[in-house]
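**Q**
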Amino acid sequence: MTKQTRGFTLIELIVVILILGILAAIAAPRFIDLTSQARIAALNGLRAAVSSAATLANALTVAQGNTANQPITIEGSVTVQMTNYYPSSSGGGIDAAVRFDPATFSTTGTMSFRVTAAPTNTACAFLYTAAPSTTQPASVGTAATTGC
260 MTKQTRGFTL
270 IELIVVILIL
280 GILAAIAAPR
290 FIDLTSQARI
300 AALNGLRAAV
310 SSAATLANAL
320 TVAQGNTANQ
330 PITIEGSVTV
340 QMTNYYPSSS
350 GGGIDAAVRF
360 DPATFSTTGT
370 MSFRVTAAPT
380 NTACAFLYTA
390 APSTTQPASV
400 GTAATTGC
């Protein structure tokens, strides 16, 4: 007589479920916080893009010999409003130079760049300030990430 057994015993199934439960308890907290980290990374990426765009616009306006508040045209079709040789902090200034995704980021009238989907988007933002004079550059504030 040969006895054929198929399948798993109850003990084997319980051990597998226990191992999966332990792995889930360890791995789940690491994946839960990824959304916040992704928003912070996106905000820091936009901050770097704003800083680079301001520097490049300044280099272009100086290379062309423009006056302090003369608008410039980048990539042949985009007009950027300038203030003291740097993009202005009003509409058509730094926001035109950067051309960010409006579904992901938004701005306020003072050029506070915010992550749209953040739980507290006012605390997941940074501020761009136009150059206060022709001898001082524009500034890009430190990113606030507490609300991301």
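Residues 260 to 407 (this note's numbering) make up the sequence shown, in order. Just so you know, even glycine gets a beta-carbon here, dropped at the ideal spot from N, CA and C. Keep in mind it's a predicted model, so treat the numbers as computed, not measured.
#1: For Q395, count neighbouring C-beta atoms within 10 Å of its own C-beta (all shown protein chains included) and say buried if the count is 16 or more, exposed if not.
#2: List the whole-angstrom C-beta distance separating T369 from S348, where the pair is believed to meet the contact cut-off of C-beta under 8 Å.
#3: Give me, in chain order, the residues of the same chain whose beta-carbon lies closer than 6 Å to that of A397; leave out the 5 immediate sequence neighbours on both sides.
#4: From what residue to what residue does the beta strand (DSSP E) around S371 run?
#5: Would you call the CB atoms of A403 and A384 closer than 8 Å?
#6: Exposed or buried, which one is Q340 when buried takes at least 16 other CB atoms within 10 Å?
#7: On the criterion of 16 or more Cβ atoms from any shown chain inside 10 Å, does A318 qualify as buried, or is it exposed?
**A** This is what the structure holds:
#1: Counting from one through the sequence shown, the residue named residue 395 turns up at place 136. Classification for Q395: exposed.
#2: Here the question's residue 369 lines up with position 110 in the sequence shown. Here the question's residue 348 lines up with position 89 in the sequence shown. Contact holds; Cβ gap of about 7 Å.
#3: Your numbering for residue 397 matches position 138 in the sequence shown. Taking A397 as the centre and dropping the five residues before and after it, the same chain places the C-beta of A313, Y345, A389, A390 closer than 6 Å to its C-beta, in chain order.
#4: Residue numbering aside, residue 371 sits at position 112 when the sequence shown is read from its first letter. Segment 371-374, the beta strand (DSSP E) holding S371.
#5: As a first step, residue 403 must be located in the sequence shown, where it is residue number 144. As a first step, residue 384 must be located in the sequence shown, where it is residue number 125. Cβ distance < 8 Å, so A403 and A384 count as in contact.
#6: Taking the sequence shown and counting its residues from 1, one reaches residue 340 at position 81. By the neighbour-count criterion, in which a residue is buried when 16 or more other Cβ atoms sit within 10 angstroms of its Cβ, Q340 is buried.
#7: As a working mapping, residue 318 is identified with position 59 in the sequence shown. Exposure of A318 is indicated by the presence of fewer than 16 other C-beta atoms within 10 angstroms of its C-beta.
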